[in-house]
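Final position of the sequence shown in my numbering is 263; the numbers increase by one with none missing. Even glycine gets a Cβ: it sits at the ideal position worked out from N, Cα and C. Only a predicted model underlies this, so the values are computations on that prediction, with no experimental measurement involved.
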Amino acid sequence: MAAPSMKERQACWAARDEYWKCLDENTDDASQCKKLRHTFESSCPQQWIKYFDKRRDYLKFKEKFEAGQFQPSKTTAKS
185 MAAPSMKERQ ACWAARDEYW KCLDENTDDA SQCKKLRHTF ESSCPQQWIK YFDKRRDYLK
245 FKEKFEAGQF QPSKTTAKS
């Protein structure tokens, strides 16, 4: 598989940014972002999608942790 061209990378990043924006605006109902998720998946290589999904999870965790809103699960707290 060849590396994505500059235009393909830009399209991928734009699709990712739109999808993430939708998720941020619809925190209670991610189903409203299905169309943008499909666009994101069709615009980016699979490995990139996996990376971006993990990256978003990490950034959201970090945001909560730094704001003091992180609550460890009960099983984690006991160990």
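Whole-angstrom C-beta distance between Y203 and R221, which should lie under 8 Å: Position 37 of the sequence shown, counted from the first residue, corresponds to residue 221. Position 19 of the sequence shown, counted from the first residue, corresponds to residue 203. Your pair R221 and Y203 checks out as a contact, with CB atoms roughly 6 Å apart and the cut at 8 Å.
Whole-angstrom distance between P188 and P229, CA atom to CA atom: Translated into the one-based positions of the sequence shown, residue 229 becomes position 45. Translated into the one-based positions of the sequence shown, residue 188 becomes position 4. About 8 Å.
C228 CB to nearest heavy atom of the ligand HEM below 8 Å: The ligand HEM is absent from the structure shown, which contains no ligands of any kind.
S226 beta carbon less than 9 Å from that of A198: Against the sequence shown, residue 198 aligns to sequence position 14. Against the sequence shown, residue 226 aligns to sequence position 42. In this structure, A198 sits away from S226, with a CB-CB distance that is not shorter than 9 Å.
Whole-angstrom distance between K219 and D213, CA atom to CA atom: Mapped onto the sequence shown, residue 213 falls at position 29. Mapped onto the sequence shown, residue 219 falls at position 35. Spanning the two alpha carbons is a distance of roughly 13 Å.
Q231 to R240 span [Cα, whole Å]: Locating residue 231 in the sequence shown gives position 47, counting from the first residue. Locating residue 240 in the sequence shown gives position 56, counting from the first residue. Between the alpha carbons of Q231 and R240 lies a distance of about 14 Å.
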